[in-house]
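Heads up: the structure comes next, in structure tokens.
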Amino acid sequence: MRSLIDILDFSVEELDKIIETAIDISKKPEKYSAVCRDKILATLFFEPSTRTRLSFEAAMLRLGGKVLGFSDAGSSSAAKGESVADTAKTVSCYADIIAMRHPQEGAPYVASRAATIPVINAGDGGHNHPTQTLADLLTIKKETGRLHDLTVGLCGDLKYGRTVHSLISALSRYEGINIVLISPKELGIPDYVKADVLDKCEMNYRETECLEEALPSLDVLYMTRIQRERFSDPEEYERLKDSYILTLDKLDGAKKELCIMHPLPRVNEISVKVDDDPRACYFKQAKNGMYMRMALILKLLGYMGEVGDDATPETFESDELRCQNPKCITVTEQEIVHAFKKCDDGSVRCIYCENKVE
Amino acid sequence: MRSLIDILDFSVEELDKIIETAIDISKKPEKYSAVCRDKILATLFFEPSTRTRLSFEAAMLRLGGKVLGFSDAGSSSAAKGESVADTAKTVSCYADIIAMRHPQEGAPYVASRAATIPVINAGDGGHNHPTQTLADLLTIKKETGRLHDLTVGLCGDLKYGRTVHSLISALSRYEGINIVLISPKELGIPDYVKADVLDKCEMNYRETECLEEALPSLDVLYMTRIQRERFSDPEEYERLKDSYILTLDKLDGAKKELCIMHPLPRVNEISVKVDDDPRACYFKQAKNGMYMRMALILKLLGYMGEVGDDATPETFESDELRCQNPKCITVTEQEIVHAFKKCDDGSVRCIYCENKVE
Amino acid sequence: MRSLIDILDFSVEELDKIIETAIDISKKPEKYSAVCRDKILATLFFEPSTRTRLSFEAAMLRLGGKVLGFSDAGSSSAAKGESVADTAKTVSCYADIIAMRHPQEGAPYVASRAATIPVINAGDGGHNHPTQTLADLLTIKKETGRLHDLTVGLCGDLKYGRTVHSLISALSRYEGINIVLISPKELGIPDYVKADVLDKCEMNYRETECLEEALPSLDVLYMTRIQRERFSDPEEYERLKDSYILTLDKLDGAKKELCIMHPLPRVNEISVKVDDDPRACYFKQAKNGMYMRMALILKLLGYMGEVGDDATPETFESDELRCQNPKCITVTEQEIVHAFKKCDDGSVRCIYCENKVE
Chain A
1 MRSLIDILDF
11 SVEELDKIIE
21 TAIDISKKPE
31 KYSAVCRDKI
41 LATLFFEPST
51 RTRLSFEAAM
61 LRLGGKVLGF
71 SDAGSSSAAK
81 GESVADTAKT
91 VSCYADIIAM
101 RHPQEGAPYV
111 ASRAATIPVI
121 NAGDGGHNHP
131 TQTLADLLTI
141 KKETGRLHDL
151 TVGLCGDLKY
161 GRTVHSLISA
171 LSRYEGINIV
181 LISPKELGIP
191 DYVKADVLDK
201 CEMNYRETEC
211 LEEALPSLDV
221 LYMTRIQRER
231 FSDPEEYERL
241 KDSYILTLDK
251 LDGAKKELCI
261 MHPLPRVNEI
271 SVKVDDDPRA
281 CYFKQAKNGM
291 YMRMALILKL
301 LGYMGEVGDD
311 ATPETFESDE
321 LRCQNPKCIT
331 VTEQEIVHAF
341 KKCDDGSVRC
351 IYCENKVE
Chain B
359 MRSLIDILDF
369 SVEELDKIIE
379 TAIDISKKPE
389 KYSAVCRDKI
399 LATLFFEPST
409 RTRLSFEAAM
419 LRLGGKVLGF
429 SDAGSSSAAK
439 GESVADTAKT
449 VSCYADIIAM
459 RHPQEGAPYV
469 ASRAATIPVI
479 NAGDGGHNHP
489 TQTLADLLTI
499 KKETGRLHDL
509 TVGLCGDLKY
519 GRTVHSLISA
529 LSRYEGINIV
539 LISPKELGIP
549 DYVKADVLDK
559 CEMNYRETEC
569 LEEALPSLDV
579 LYMTRIQRER
589 FSDPEEYERL
599 KDSYILTLDK
609 LDGAKKELCI
619 MHPLPRVNEI
629 SVKVDDDPRA
639 CYFKQAKNGM
649 YMRMALILKL
659 LGYMGEVGDD
669 ATPETFESDE
679 LRCQNPKCIT
689 VTEQEIVHAF
699 KKCDDGSVRC
709 IYCENKVE
Chain C
717 MRSLIDILDF
727 SVEELDKIIE
737 TAIDISKKPE
747 KYSAVCRDKI
757 LATLFFEPST
767 RTRLSFEAAM
777 LRLGGKVLGF
787 SDAGSSSAAK
797 GESVADTAKT
807 VSCYADIIAM
817 RHPQEGAPYV
827 ASRAATIPVI
837 NAGDGGHNHP
847 TQTLADLLTI
857 KKETGRLHDL
867 TVGLCGDLKY
877 GRTVHSLISA
887 LSRYEGINIV
897 LISPKELGIP
907 DYVKADVLDK
917 CEMNYRETEC
927 LEEALPSLDV
937 LYMTRIQRER
947 FSDPEEYERL
957 KDSYILTLDK
967 LDGAKKELCI
977 MHPLPRVNEI
987 SVKVDDDPRA
997 CYFKQAKNGM
1007 YMRMALILKL
1017 LGYMGEVGDD
1027 ATPETFESDE
1037 LRCQNPKCIT
1047 VTEQEIVHAF
1057 KKCDDGSVRC
1067 IYCENKVE
């Protein structure tokens, strides 16, 4: 059985197949409108995320399937102190596939190890959000015709921007990608992303604080929201939230076929006036997210042929060693096995949240 | 494409057709039980309203369609600062038709201008609630056999009672309607309703503070709830909430074929003992609401033939002029175009909440 | 029309038929996957209970039916002061069957008297939770092959444990049942359960404070959660919550074919290490809950043949007499008829919450 916790769980070949299927779905939706008849998707959202939840629900419904679940922890058994593993085991009795959103890093991975049905990570804190990356890849592919030889600008909050980190990881496996990191110093890309992805994969990248300077060279511009909830200091948020707003006049210097993306929801980082510009692709991106989730569900439920099993990384358990990440699911999950993995760079990481352990 | 924001968006002919269809649905439900197969309704409820939401969901399900959405703002992206327009654009990627409830006046209209699918106003603050009026019209038609030559009593909170205002507007287009306005002075019908509807359409109406005095003359009695949430002063609420309670003994003086209506939920304005009286029609009214929503969905999705496009009122934009209504969506919506319309009476109104602008 | 408010509403013969059907469903699910096409289940949850709600929704979806409803009172009309009876009458316009969870005792019974469709009690405060008992009976039947001649240990919170009381009542109708009550004195079985069930039905039972002492004799061990929400004094909760934890070593003394059950969610009363023991049946129990709810829906909707009508107990109304139970629905429901019944033991009880009235 396969789950999707991290975008790298799929090989490039698997991703290409999923993208291909998503494109076919977008062209002939009726062909797929009853494929999942009698299948149930459980959307387990321990924190609210309307867009992601509705996208998953629409995906399953458009496949002829059914949906149940909850939209925030308040109406879940977690309030009664149930573990994520038990919730996953129980929901496995009711549904055929799970999409889980959780504020704690590693929770969907815990669920995938306990569940007897496939689990899709719909976002776990600041850790992973692979289905957003699937939407991003399909959008780049459809709009530019390729996933290689591209200059991709990533703008805004690159420090806390989970979607940006996942996209860089995904692009690291394609040829000829140039990354331009556009952000204020306070919100620059974290060193571990440089070390573990950009440098490790010998990606071509540069950093700049000026959006206008970077724009002319870009094939893709990926704007991100500066998220209030990521800031400990509200004043710092107020000072930075208006940085890097994309307006029509700034676009004068950009390529005619630039692809402007945004994970949404947008606050004000892209002027509404840009929406009518043919280069604005962020609402197409939302639709692509639904198509990719449809393809992903088909993949994990075996409609694309043998899915095999989740890779089992080489790990070791420990009774002394503990993950120090306060947002890691190991902090709250009952009787969890504290397991770790040795990485190529010699570091030891928690297998759930992937934080380095000293 | 057509949306339903205000009951007057439909012509009398269109309303008659919708009522006719709803009656056919109520007689042969199985005939319609798969018409909307593969269609998705999005119920976007930015404030809770169980009855209205469940009625819409039941309507779509009984048409063979599917439903997704949220039941309060807490689990929506609005919490992350997303605009109503962006939510409408995004949900247009997932669904085929939207039913929106919002505490701010004009929000569904903003959505209808941004969405690429039909939008139904499921209630916007104290402004409009057209599908309630659809339920009311079908009930009057079924119970009295006509929508003309009727004496209609409206009782209770006529000041804040949105459903009453919409019903008066709807009835203003039929012949021989006598309106009897029954309320305490503090909750009397607002002057603008008199000026813009009752007087303007030369409707025959009178005001009284005494329910029993009015009862004998009525073909229809429309009771309304005195809503706590509409009062700034809780004491005034306590003093008035028990006014105008309908009891069995009060009904002695009423016609045998009186049609007693109530938008529900009821608190105590109609004694439970009245429920068994054949003249009590308020639960039939709830069922009629579902049938009319079914007919409305069929209408807007084009199953009743060409729907044409929303009427585009003559409007003008302004950078200085601002709507003064604190509950208007223009107060919070980002980068919204502040647009206004000149009305026959020479007044200038906000196109979103329809408040007069000085 | 029939509703299920109390497990004793069904005769032993009816229960056997429902169990038989549930077993058939579990063996040939596809045979039932479209039986309820065009039927709608309304899940009215006035307090959150994910597991129970998802189990009901999965049950209806697996029968080919549809679902609507709400998952907590906040998004219900109750917030606007609507009575349970009115909610039931209105939802009867939209759905074909209701599953209701409510914090007040007797609320589902009030609903069943007002509704025009069957009502299933999905838990009413500390009073009844019959569908949990249905899951329990199916599990015992499948795992031990019988519902008679069993030694059943009930462990943990027997004072507040509603599911335990219902199970004892259900088992009281079978032959050769030995009950072993395992709990700290503070959480012992209430006297009224002894008087009204154990003694009245001349059941064979004994009480003990020691789980290990009791284990060797048991065919079934029913563990229960010590629920925080049942304690007025948090310190007492802290002191007792870890009592009676089932661990692998404790199981050494148990029978090889012991059936370990738990209504779930579990906090820590059963060690996770026990999950892999073949005697652990609590997740099977969750799945059985879904199958029994499927069978129950078929029963109440008439797919198993004539259902007849709810039994009408001999009751008398009273204007002076009032139920003293502060958690009784009669405390808050508007204009409710205060009715009571004389019991065999000569006591007078509220017909809603079944509390004794002095």
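As given, the protein sequences belong to chains A, B and C, one line each in that order. The numbering used here puts the first sequence at residues 1 to 358. The numbering used here puts the second sequence at residues 359 to 716. The numbering used here puts the third sequence at residues 717 to 1074. Every residue, glycine too, gets a C-beta built ideally from N, C-alpha and C. Values in this document were obtained by computation on a predicted structure and should not be read as measured data.
DSSP bridge partner residues for residue i (one or two, in chain order)
i	result
E821/C	C1044/C
L665/C	Lying before the first or after the last residue shown, residue 665/C is absent from chain C, which here runs from 717 to 1074.
I721/C	According to DSSP, I721/C bridges with nothing at all.
E1033/C	A1055/C
N713/B	Answer is none; N713/B lacks a bridge partner.
L154/A	L181/A and Y222/A
Y192/A	Beta-bridge pairing links Y192/A to no other residue.
E657/C	Residue coverage of chain C in this structure runs from 717 to 1074, which leaves residue 657/C outside it and unanswerable.
Simplified DSSP assignment, three categories, for residue i
i	result
K743/C	helix
Y555/B	In the sequence as displayed, the identity of residue 555/B is Val instead of Tyr. V555/B: helix per DSSP, three-state reduction.
Y890/C	coil
R302/B	The requested residue 302/B is not part of the displayed model; chain B covers only 359 to 716.
Y938/C	strand
V180/A	strand
A838/C	strand
T670/B	coil
Y518/B	coil
Any non-hydrogen atom of the ligand HEM within 6 Å of residue i CB
i	result
T131/A	This structure lacks the ligand HEM; in fact it carries no ligand of any kind.
Residue closest to residue i, alpha-carbon to alpha-carbon, out of the options
i	options	result
V913/C	I884/C, P1042/C and R922/C	I884/C
D802/C	A644/B, D677/B, F674/B and K714/B	A644/B
T502/B	V632/B, D702/B and C617/B	C617/B
L399/B	E30/A, S26/A and A58/A	A58/A
N486/B	M458/B, T670/B and T497/B	M458/B
E333/A	G81/A, S3/A and R349/A	G81/A
M60/A	D72/A, T50/A, T43/A and S49/A	T43/A
D344/A	A311/A, L181/A, Y303/A and C201/A	C201/A
P621/B	P636/B, V630/B and K642/B	K642/B
C681/B	V522/B, E567/B, I709/B and R583/B	I709/B
R982/C	V67/A, D16/A and V84/A	V84/A
M619/B	Y602/B, I498/B and L654/B	I498/B
P476/B	L604/B, H696/B, I363/B and I628/B	I363/B
V896/C	T1031/C, M919/C and I961/C	M919/C
D668/B	G423/B, E378/B and A472/B	A472/B
K273/A	I694/B, M359/B and E565/B	I694/B
Exercise for the section: Take every Cβ of the segment 862-871 of chain C, pair it with every Cβ of the segment 747-766 of chain C, and state whether three or more of those distances are shorter than 8 Å. Expected result: Result no; under three Cβ-Cβ pairs closer than 8 Å.
Practice task
List in chain order: all unbroken beta strand (DSSP E) runs of 3+ residues lying wholly within the segment 65-95 of chain A.
Solution key: Counting whole runs of 3 or more residues, the segment 65-95 of chain A contains the beta strand (DSSP E) stretches 66-70.
Handout entry: Three CB pairs or more closer than 8 Å across the segment 834-848 of chain C and the segment 901-909 of chain C
Key = Not touching, per the Cβ criterion.
Exercise for the section: Inspect the CB distances between the segment 649-666 of chain B and the segment 485-501 of chain B and report whether three or more fall short of 8 Å. Expected result: Yes, since at least three Cβ pairs between the segment 649-666 of chain B and the segment 485-501 of chain B fall closer than 8 Å, the two stretches touch.
Exercise for the section: Assess, as a yes-or-no matter, whether the segment 966-975 of chain C is touched by the segment 929-946 of chain C under the definition of 3 or more beta carbon pairs within less than 8 Å. Expected result: The segment 929-946 of chain C, when compared against the segment 966-975 of chain C, does touch it at the 8 Å Cβ threshold.
Handout entry: Minimum length 4: unbroken alpha helix (DSSP H) runs contained in the segment 240-309 of chain A
Key = Runs of alpha helix (DSSP H) with 4 or more residues, each lying fully within the segment 240-309 of chain A, are found at 282-300, listed in chain order.
Handout entry: Touch test, the segment 525-541 of chain B against the segment 359-378 of chain B, Cβ-Cβ under 8 Å, three pairs minimum
Key = Touching, yes, given that three or more Cβ pairs across the two stretches are closer than 8 Å.
Handout entry: Stretch pair the segment 805-814 of chain C + the segment 1027-1047 of chain C: three plus CB contacts closer than 8 Å
Key = Judged by pairs of C-beta atoms under 8 Å, the segment 805-814 of chain C does not touch the segment 1027-1047 of chain C, as fewer than three such pairs exist.
Problem - Segment contact, 8 Å Cβ cut-off, at least three pairs: the segment 660-676 of chain B with the segment 822-837 of chain C - result: Contact annotation: the segment 660-676 of chain B does not touch the segment 822-837 of chain C, with fewer than three C-beta pairs closer than 8 Å.
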